[in-house]
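Chains as they are written, first to last, in UniProt numbering: chain A, 1 to 379; chain B, 1 to 405.
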Amino acid sequence: MNSSNVITEDDRYRSSTQFRLWSFTPASLLALRSTTNQLAADRVREAVRRARAREAQSSADASDADPESKSRATSTLPEGELDCLTVEEELKLIVFYCRQTLQLGKHLNLPTDVNATAVQYMKRFYTTNSLMTYDPATILRTALFFATKTENHYYRLSKFAEAIDKTKPEDVLASEYLLTQGLRFTFDVRHPYRALEGAVMELCAIAEGAIPNNGVAGEMPRNMDYRCKVAHGTAKEFLKTSALLTDVYFHFSPSQIMLASLLIADEELIRWYIAFKLGGLQNAMAQKVLGTLADCAQMLRTVEPQMQSPAEESKEARTLAKKLRKCRNPEKIDLVALQQTKRGGDNANDEKILKKRKLEREKVAQEAGDLFGPGLKKP
Amino acid sequence: MALSPLVVPGSASGERTAATAKSKLQAASAVTSSSGTPNPNNGPPPGSGGADLAEQMNEDEKQKYIKGKKLGEGTYAIVYLGHVKSDPSKLVAIKKIKIQEDYKEGLAPDAVRELKHLQELSHPNIISLLSVFSSRDQNLNLVLEYLPLGDLEMLIKDIEGVRYGAADIKAWMGMLGRAIWFCHENFVLHRDIKPNNLLIAADGGIKLADFGLARSFADPYRVMSNMVITRWYRPPELLFGARSYSGAVDIWSIGLVFAELVIRNPYLPGDTEVDQISKICALVGTPTEENWPGVSKLEHYAVPAPATPIQPVAHYNSMFGTAGAEGVDLLMKMLILDPRKRITARQILEHGWWKSEPKPTKKQNLPKKGGGLEKLGEDLKRGPGVLDDERGTKVARKLDFGSMK
Ligand SMILES: Nc1ncnc2c1ncn2[C@@H]1O[C@H](COP(=O)(O)OP(=O)(O)OP(=O)(O)O)[C@@H](O)[C@H]1O
Numbered sequence: 001m002n003s004s005n006v007i008t009e010d011d012r013y014r015s016s017t018q019f020r021l022w023s024f025t026p027a028s029l030l031a032l033r034s035t036t037n038q039l040a041a042d043r044v045r046e047a048v049r050r051a052r053a054r055e056a057q058s059s060a061d062a063s064d065a066d067p068e069s070k071s072r073a074t075s076t077l078p079e080g081e082l083d084c085l086t087v088e089e090e091l092k093l094i095v096f097y098c099r100q101t102l103q104l105g106k107h108l109n110l111p112t113d114v115n116a117t118a119v120q121y122m123k124r125f126y127t128t129n130s131l132m133t134y135d136p137a138t139i140l141r142t143a144l145f146f147a148t149k150t151e152n153h154y155y156r157l158s159k160f161a162e163a164i165d166k167t168k169p170e171d172v173l174a175s176e177y178l179l180t181q182g183l184r185f186t187f188d189v190r191h192p193y194r195a196l197e198g199a200v201m202e203l204c205a206i207a208e209g210a211i212p213n214n215g216v217a218g219e220m221p222r223n224m225d226y227r228c229k230v231a232h233g234t235a236k237e238f239l240k241t242s243a244l245l246t247d248v249y250f251h252f253s254p255s256q257i258m259l260a261s262l263l264i265a266d267e268e269l270i271r272w273y274i275a276f277k278l279g280g281l282q283n284a285m286a287q288k289v290l291g292t293l294a295d296c297a298q299m300l301r302t303v304e305p306q307m308q309s310p311a312e313e314s315k316e317a318r319t320l321a322k323k324l325r326k327c328r329n330p331e332k333i334d335l336v337a338l339q340q341t342k343r344g345g346d347n348a349n350d351e352k353i354l355k356k357r358k359l360e361r362e363k364v365a366q367e368a369g370d371l372f373g374p375g376l377k378k379p
Numbered sequence: 001m002a003l004s005p006l007v008v009p010g011s012a013s014g015e016r017t018a019a020t021a022k023s024k025l026q027a028a029s030a031v032t033s034s035s036g037t038p039n040p041n042n043g044p045p046p047g048s049g050g051a052d053l054a055e056q057m058n059e060d061e062k063q064k065y066i067k068g069k070k071l072g073e074g075t076y077a078i079v080y081l082g083h084v085k086s087d088p089s090k091l092v093a094i095k096k097i098k099i100q101e102d103y104k105e106g107l108a109p110d111a112v113r114e115l116k117h118l119q120e121l122s123h124p125n126i127i128s129l130l131s132v133f134s135s136r137d138q139n140l141n142l143v144l145e146y147l148p149l150g151d152l153e154m155l156i157k158d159i160e161g162v163r164y165g166a167a168d169i170k171a172w173m174g175m176l177g178r179a180i181w182f183c184h185e186n187f188v189l190h191r192d193i194k195p196n197n198l199l200i201a202a203d204g205g206i207k208l209a210d211f212g213l214a215r216s217f218a219d220p221y222r223v224m225s226n227m228v229i230t231r232w233y234r235p236p237e238l239l240f241g242a243r244s245y246s247g248a249v250d251i252w253s254i255g256l257v258f259a260e261l262v263i264r265n266p267y268l269p270g271d272t273e274v275d276q277i278s279k280i281c282a283l284v285g286t287p288t289e290e291n292w293p294g295v296s297k298l299e300h301y302a303v304p305a306p307a308t309p310i311q312p313v314a315h316y317n318s319m320f321g322t323a324g325a326e327g328v329d330l331l332m333k334m335l336i337l338d339p340r341k342r343i344t345a346r347q348i349l350e351h352g353w354w355k356s357e358p359k360p361t362k363k364q365n366l367p368k369k370g371g372g373l374e375k376l377g378e379d380l381k382r383g384p385g386v387l388d389d390e391r392g393t394k395v396a397r398k399l400d401f402g403s404m405k
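See below:
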């Protein structure tokens, strides 16, 4: 890797939508998420009020109609005062569902970049949409499928749906449009993987003497060759998990994320590398860089670098998912029907079909439970 | 000094992101206030309730443009003329993605690719994507810069109406070269370069369009489809079924656009894939283990016997001599059979042709499409077929002669 390549790498990043549309200061990101959460909570309350009013109306209209249909209708509506998710609770649940996305991707044997892109789609989507509005177990399947398209990893829809338990092709497609809108029609995600390979190649070349030590950082770290390889592995784990599950993509460039994960892996080695690149550590540039990398590393450390949720996190997620079930927007549950109404498809006006689908779907949703969505088929 | 991967986004970026978030918040508060106090009996029906933040942002984009008459139709989209609502003099092209009847897997791959790449690439010689929004029926609309002067194919074909010379070709090729260099620099392969995907802007500049087949090539070993690039412009490695390839595929296509600009006819117009390979063998040379180590191992490698040697400079001079010695040298390097030896986009920009005489025509002086009702009088400083100088006349005659071969 020579210096001119590295510089254009950075220029390229600045012209990317990831930088232009999807980079935030922590404060502005929190503000955005709070607005989204507030708006969704208000709308859930309105929607539930509307639904209750309609129900009251229809039961008054036909007080002696089939009692079974009445009870079935009420059962989908939450009762009592609505207790909506807070922003913090939504964030915890999103991490949980992003882990689910990674696990589903692994189950489907999808390559790293497809999984990584799908998780970023989830995170981007839920900055302007709330879990209370759109069911994350549904959106994650759509995100994964859509990522196979954007990352050129062709996967037949019918096969894709088949590989996931209780999932029909139309379930995957119904929220595709919503997803693309939530992504503001920007599909490119810049990952730190290539940058990691570049930096590790350079480190190895220095260790092997192929690139001479310029001396500005002093003597080479002991055992450098071996340590480069170990750091490579550790950093890769962080990039495949913690980097995706935290907010680092919203706040740092791919190169920064990559270096921060290397720093976590072997601080002495990477500080030496930064000194080597920046002519020591005392200059203003190096100080600024170290500050940024420390911030990024700190954020990376907040989430365990593993795909499975740790027990504690998983327990909390279960509780939150239960809470979510009681504050979902009843008008946004049947996404397939919603989609057909919007598209104005031929079937959309066919009340009977719509109703049948709705009942089917409710049944499936109840069976499967909301937490994990439909389960995975055993491979 | 290589410090840039370590550079912290500066204050400018901080302001920018803060501003983005702010506008989102404004959109949000507008929604909250407009939804007002809900009335259970009067409220919107299920599914059409107040807008989400994302929906509202989409609506804001849509409101900025007015759609006008239809301009044309392609396989996956219909293109309309449009203008900016606040300034009707600002014209745009609105490309509405059709819902495909026979594609049941959601948003079509062409649309996904075009959107993905155009959102990222911003360059004077690549068509710019100004905005994206969806209409009520969930059709995607791409708002593109309006390019009213047709495409390069129209100019090439209109032999009577449009005369052009070596300096003009150099100008067009320069713009095309910079466009593809920029794509490759950003790790994007276009995979469908041909004259009718090179649109012409009001100022005469060339814009590379139609990214429906484009893809990133971050990982050079990843298997890719070989069913890309319109046949006449398709390089031998794809015809032989290579599944891992590089920017060299686009370079071959550029070489054939160059050749076509000079002779005003497609250079290798194969009727079928087999015929395409025969034409390459006859007019460029037969790919063999000697000139392209490893070629015989490609899945569909098959060439007519006996092998034709690589065409010598004399052949190119006789057909493409009007491009000058440097021009012929560049063309030959673009048409090197072995993709690993073919010239790269960066090397193209460093080639001696650009510095040799004649200098490329300034884009505002480039010939434009002539005649007909579409003629834009004020843009045409010189009428179709009227040449501005001696040199042009000579070159154009030679070019016309070339096209009759
Ligand atoms: N930016 C633009 N400005 C002006 N006209 C345009 C623009 N883009 C497209 N057009 C017109 O709309 C027509 C359709 O364009 P589109 O890109 O959908 O398809 P195409 O390139 O002609 O065909 P294909 O289906 O092979 O891609 C074009 O032939 C052209 O006349």
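Beta carbons are placed, not taken as given, at the ideal position from N, Cα and C, and that holds for glycine.
- The region 255 to 322 of chain B contains no complete beta strand (DSSP E) run of 3 or more residues.
- If you check the CB distance, Arg190(A) and Gln18(A) come in under 8 Å.
- Here Phe133(B) is bridged, per DSSP, to Asn141(B).
- One alpha carbon belongs to Ala77(B), the other to Gln100(B), and they sit about 10 Å apart.
- Rounded to the nearest angstrom, the Cβ distance from Val284(B) to Leu335(B) is 5 Å, consistent with a contact under 8 Å.
- By a beta-carbon distance limit of 8 Å, Lys369(B) contacts Met154(B). Their separation comes to about 5 Å.
- Using a Cβ-Cβ cut-off of 8 Å, Gly182(A) counts as an interface residue toward chain B, since at least one Cβ of chain B sits closer than that to its own.
- Rounded to whole angstroms, Lys333(B) and Pro367(B) show a C-alpha spacing of 27 Å.
- Cβ-Cβ distances below 8 Å link Ala93(B) to Leu71, Val79, Tyr80, Leu81, Gly82, Val143, Leu144, Glu145, Tyr146, Leu147 in the same chain, with the five nearest sequence neighbours on each side left out; the list follows chain order.
- Around the C-beta of Asn152(A), 16 or more other C-beta atoms lie within 10 Å, and the residue is accordingly described as buried.
- Glu55(B) places its beta carbon 8 Å or farther from that of Gln308(A).
- When distances are taken from the beta-carbon of Tyr103(B) to the heavy atoms of ligand 1, even the shortest one reaches 7 Å or more.
- For Leu85(A), there is no enclosing beta strand (DSSP E), as DSSP gives it neither H nor E.
- Interface flag for Asp52(B) against chain A is set, since a Cβ pair is found closer than 8 Å.
- Here the alpha carbon of Ala108(B) sits roughly 39 Å from the alpha carbon of Leu262(A).
- Excluding the 5 residues flanking it on each side, Met299(A) has same chain C-beta neighbours closer than 6 Å at Thr246, Val248, in chain order.
- With a contact defined as Cβ atoms closer than 8 Å, Ser128(B) and Ser134(B) miss out at about 20 Å.
- Secondary structure of Tyr126(A) (DSSP, three-state): helix.
- Contact annotation: in the region 136 to 150 of chain B, residues whose CB is within less than 8 Å of a CB in chain A are Arg136, Asp137, Gln138, Leu140.
- In the three-state reduction of the DSSP assignment, Leu71(B) falls in the strand class, which pools E and B.
- Contacts with chain B (Cβ-Cβ distance below 7 Å) from the UniProt domain "Cyclin-like" (99 to 181) of chain A involve Thr128, Asn129, Thr133, Lys149, Thr150, Asn152, Leu157, Leu173, Glu176, Tyr177, Thr180, Gln181, listed in chain order.
- DSSP lists no bridge partner for Val200(A).
- Three or more beta-carbon pairs separated by less than 8 Å link the region 114 to 121 of chain A to the region 133 to 153 of chain A, which places the two stretches in contact.
- Within the chosen limit of 7 Å, ligand 1 does not reach the beta carbon of Val295(B) with any heavy atom.
- At a cut-off of 8 Å between C-beta atoms, Lys116(B) counts as an interface residue with respect to chain A.
- Its chain contains Met224, Asp225, Cys228 as the residues whose beta carbon lies nearer than 6 Å to that of Ala207(A), once the 5 sequence neighbours on both sides are disregarded; these appear in chain order.
- Beta-bridge analysis with DSSP links Lys95(B) to Val79(B), Leu142(B).
- Excluding residues up to 5 positions away in sequence, Pro192, Tyr249, Ile257, Ser261, Leu300 lie with their Cβ nearer than 8 Å to the Cβ of Ala243(A) in the same chain.
- Counted as a single uninterrupted DSSP element, the alpha helix (DSSP H) harbouring Ile348(B) occupies residues 345 to 349.
- Here Tyr65(B) is buried: its Cβ has 16 or more other Cβ atoms, across all protein chains shown, within 10 Å.
- Not one beta carbon of chain A lies nearer than 8 Å to the beta carbon of Gly177(B).
- In terms of beta-carbon proximity, Asp188(A) lines the interface with chain B, with at least one pair separated by less than 8 Å.
- Scanning chain B for C-beta atoms nearer than 8 Å to the C-beta of Thr17(A) yields Gln119, Glu120, reported in chain order.
- With a beta-carbon spacing of about 19 Å, Leu30(A) and Tyr97(A) fall beyond the 8 Å limit used to define contacts.
- For Pro266(B), same chain residues with a beta-carbon under 8 Å away, outside a window of 5 residues either side, are Trp232, Leu256, Glu260 in chain order.
- Residues of chain A whose Cβ lies closer than 7 Å to the Cβ of Val112(B) are, in chain order, Lys149, Thr150, Phe187.
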